[in-house]
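Written below as structure tokens is the structure these notes are about.
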Amino acid sequence: MAKINIKIEGISYQVEEGLTILEAAKLCGYNIPSLCAYNHGECSQGSCRVCLVEVKGARGLVASCVYPVSEGMEIVISSQKAVAARRASVELLLSNHSVQCQQCEKNEYCELLYAAKVTGAREGMFEGVKTPVTVDEVTPAIIRDTSKCILCGRCIERCKNAHGLSVLGFEKRGFNTIVGPAENRSFADSPCIMCGQCTSVCPTGALMEKSEIGKVDQAFREGKFVVVQTAPAVRAALGEEFGMKIGTPVTGKMVAALRRLGFNRVYDTNYAADLTIMEEATELLDRIKNNGVLPMITSCSPGWINYAEINYGELLPHLSSCKSPHEMFGAILKSYYCEKNGIDPKDMFVVSIMPCTAKKYEKEREQLQHDGIKDVDAVLTTRELGKLIKRSGINFNMLPDEEFDNDIVGEYTGAGVIFGVTGGVMEAALRTAYYALTGEEHELIKFEQVRGFEGIKEASLDINGTVINVAVAHGMKNAKVLLEEIKSGNSKYHFIEIMGCPGGCIAGGGQPYVKPQFLPNEEPDILDTYKQKRANALYSEDERQTLRQSHKNEQVKKLYDEFLGEPNSHKAHELLHTSYKEREAFKVLK
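Sequential numbering from 110 applies to the sequence shown in our numbering.
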């Protein structure tokens, strides 16, 4: 890209052609107040007018987020005219905003509140009628409150960019404009897949996960045997809630915090990830050997499952029948574990700490119950766990590193750890499938072909004369390409991994917000690298494990010997497998 010369505040700089003023200024060391500078590059419409600056020769002030730099441009950020205009823009937004900051769940990370502070905006400067409000809290996963919406449109663009969907859009016109599903319907009556990507980019509390901290509190009050499990991606991001750099693994401190919160047992979902691989790899090889439905597609991501049921009902037979790992763990805890320890399953309360809002919906599925008892009772996001720890007065950074409980369940391998990143489930499955077909371990534990953040990755492996073609996709926009190939009969693959969220669970809709204004110690390019940093945290933990293949997990072996029989047995199918159902849209589960 060619370089051009500009001036900011009278100082000369060289920047790349094609940048906006906002982008160029940031590279030159200026943070222009804005409500779209930190949105992962999505939806710069210039509609909020918070980033106004002067450009010599231009008519009036310009929105720096959409105005491109040009040769010789002279930009003034700190003029009284620009400062006053930015402040007035924020004051106008506040005039139609529910200013209940103390009660708002987004308080620590509200970008509107931050912009108000930086611009010196004053509350109550403009008084008048407010836009009619919609509060949608019907689904188990996401709450929408239009009284807090500033109409930035980030959520609209994220849904399009990640999934090729338009679940959200601008509804009504003029002063009555709001953001919501078509006809201002509830999420419960829309094709939303509950992934929570919209909550990750919302600058205010207009879109939030539906908290289940109250359910956990109630379980403790009722004297339940409360067991908690944590997904692999949580340890790669939880530290960010306490000021640690992105990509800092905090496994030991997380375990210590959960113990101090009073949970009766603290387990790693990775145990069940290993169990999932045993079931899934067996199912794949059975389909290959016996002319079953191929390609087989992974079923760990509930956002992807929702998308498939709503949009590709005819392809549901391609999905693995395996439950997701945390649901498998819940089923084993309420059967095998309770039986071994003399606990009535009705007295056990299983809490899953997940990077995902779709898991909140998943746990309500009637297929994920046994004898009327849910496999999992509550799902908290990584963000909710951060709130729970802070509420309890625990100094997270001062905690010692402690180990997960590991009695008859709890052991895990490196294969389970990498489930949290796109390509991880595929890699873990290949490690075990190779052994199942050859009776030998693969010389190289890593399967580099399925790593990385390309939208679609593919590989072909010759395992003892059996050629297995595989593909990996993350985000439904990418998944659709592979699904259309299957529909047309042109798919060459045997096995496909699909993750709902771009990047996989490390960038799930329940993970800590990545907003540079609240992360002053991070590198300038953090929006481009945060996924890789979190992924590296998981890959490094995989490297540290003595055992890195699921079939080497001794406790999983014992589970089969004592309780399940063998992978894909009748008992295993009863507890660890599920079914799917074509549907027109999301439906609230009773």
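Backbone N, C-alpha and C fix where the C-beta goes; we use that ideal spot for every residue, glycine too.
Worksheet item: Under the three-state reduction of DSSP, which class applies to Gln626: helix, strand or coil?
Response: Looking at Gln626 - three-state DSSP - the assignment turns out to be helix.
Practice prompt. Please determine, among Asn400, Ser179, Gly181, Ala193, the residue with the shortest C-alpha to C-alpha distance to Leu170.
Written response: Ala193
Discussion item. Using C-beta distances below 6 Å, list every residue in its chain close to Leu384, excluding the 5 sequence neighbours before and after it, in chain order.
Written reply: Met437, Val665
Fill in: Reference Leu539; option with closest CA among Glu520, Leu393, Val185
Leu393
Worksheet item: Going by alpha carbons, who is nearest to Cys311 out of Val359, Gly273, Lys215?
Response: Lys215
Discussion item. Beta-carbon within less than 8 Å of Asn506's beta-carbon, same chain only, minus the 5 sequence neighbours each way: which residues are those?
Written reply: Phe351, Gly352, Met353, Lys362
Item to complete: Starting from the Cα of Gln355, find the closest Cα among Ile635, Asn573, Ser433 and give me that residue.
Response: Note on residue identity: the sequence assigns Ile, not Gln, to residue 355. For Ile355, the nearest C-alpha among the options comes from Ile635.
Worksheet item: Taking just the CA atoms, how far does Ser501 sit from Lys680?
Response: 41 Å
Discussion item. Taking the alpha carbon of Ser256 as the reference point, which residue from Asn205, Val199, Met608, Lys468 has its own alpha carbon closest?
Written reply: Asn205
Discussion item. Buried or exposed, going by whether 16 or more other CB atoms sit within 10 Å of the CB of Glu557?
Written reply: Glu557 should be labelled exposed.
Practice prompt. For Met717, collect the residues of the same chain with a Cβ closer than 6 Å to its Cβ; drop the 5 residues on either side in sequence, then sort them by chain order.
Written response: The question about residue 717 has no answer here: the residues shown for the chain are numbered 110 through 699.
Worksheet item: Can you check whether the CB of Arg195 is closer than 7 Å to the CB of Val159?
Response: Yes. Within cutoff.
Item to complete: Please report the residue range of the beta strand (DSSP E) in which Glu280 lies.
Response: 278-280
Item to complete: Using the Cα positions of Ile414 and Tyr470, report the straight-line distance between them to the nearest angstrom.
Response: 11 Å
Item to complete: Measure the Cβ-Cβ separation of Ala365 and Glu511 and say whether it is below 7 Å.
Response: Result yes, Cβ atoms of Ala365 and Glu511 sit closer than 7 Å.
Worksheet item: Excluding the five sequence neighbours on either side, which residues of its own chain have a C-beta within less than 7 Å of the C-beta of Leu131, listed in chain order?
Response: Ile141, Ser143, Ala146, Cys160, Ser173, Cys174
Worksheet item: Which two residues bound the contiguous beta strand (DSSP E) that contains Ala487?
Response: Here the beta strand (DSSP E) through Ala487 covers 487-490.
Worksheet item: Can you tell me where the alpha helix (DSSP H) with Thr547 in it begins and where it stops?
Response: 533-547
Discussion item. Assuming Arg196 is part of the alpha helix (DSSP H), what are its boundary residues?
Written reply: From DSSP, the alpha helix (DSSP H) with Arg196 extends over 189-204.
Fill in: Buried or exposed by the 16-neighbour rule on C-beta atoms within 10 Å, applied to Leu136
exposed
Fill in: N- and C-terminal bounds of the alpha helix (DSSP H) containing Arg330
322-330
Fill in: Minimum C-alpha distance to Gln209 - residue among Gly674, Pro300, Thr313
Thr313
Worksheet entry | Given 8 Å, three or more beta-carbon pairs between the stretch 609-626 and the stretch 115-131 | no
Practice prompt. On the DSSP bridge assignment, give the partners of Tyr639 in chain order.
Written response: DSSP output for Tyr639 lists no bridge partner at all.
Worksheet item: Is the CB-CB distance between Ile117 and Ile184 below 7 Å?
Response: yes
Worksheet entry | Straight-line gap, Ala297 to Glu606 (C-alpha atoms, nearest Å) | Distance between the alpha carbons of Ala297 and Glu606 is about 27 Å.
Worksheet item: Is Gly525 helix, strand or coil when you go by DSSP?
Response: helix
Worksheet item: Does the stretch 237-250 come within contact of the stretch 647-660, defined as at least 3 CB pairs closer than 8 Å?
Response: no
Worksheet item: Ile120: buried (16+ other C-beta within 10 angstroms of its C-beta) or exposed?
Response: exposed
Worksheet item: With respect to the alpha helix (DSSP H) encompassing Tyr416, which residues constitute its N-terminal and C-terminal limits?
Response: 411-420
Discussion item. Closest to His435 by C-alpha separation, out of Glu423, Leu403, Leu489, would be which residue?
Written reply: Leu489
Worksheet item: Since Leu222 and Leu202 are thought to touch, with beta carbons under 8 Å apart, how far apart are those beta carbons, to the nearest angstrom?
Response: About 11 Å separates the two Cβ atoms, so there is no contact after all.
Discussion item. When you compare the CB positions of Thr308 and Gly618, do they come within less than 7 Å of one another, or not?
Written reply: Yes, the pair counts as a contact, with Cβ atoms nearer than the cut-off.
Worksheet item: Mind checking Lys699: buried by the 16 CB within 10 Å criterion, or exposed?
Response: Here the model assigns Lys699 a pLDDT of 37, short of 50, so the residue's position is not dependable and the matter cannot be decided.
Discussion item. Please report the distance separating the alpha-carbon of Phe235 from that of Ser198.
Written reply: Distance between the alpha carbons of Phe235 and Ser198: 11 Å.
Worksheet item: Would DSSP call Arg368 helix, strand or coil?
Response: In this structure, Arg368 counts as helix in the three-state DSSP scheme.
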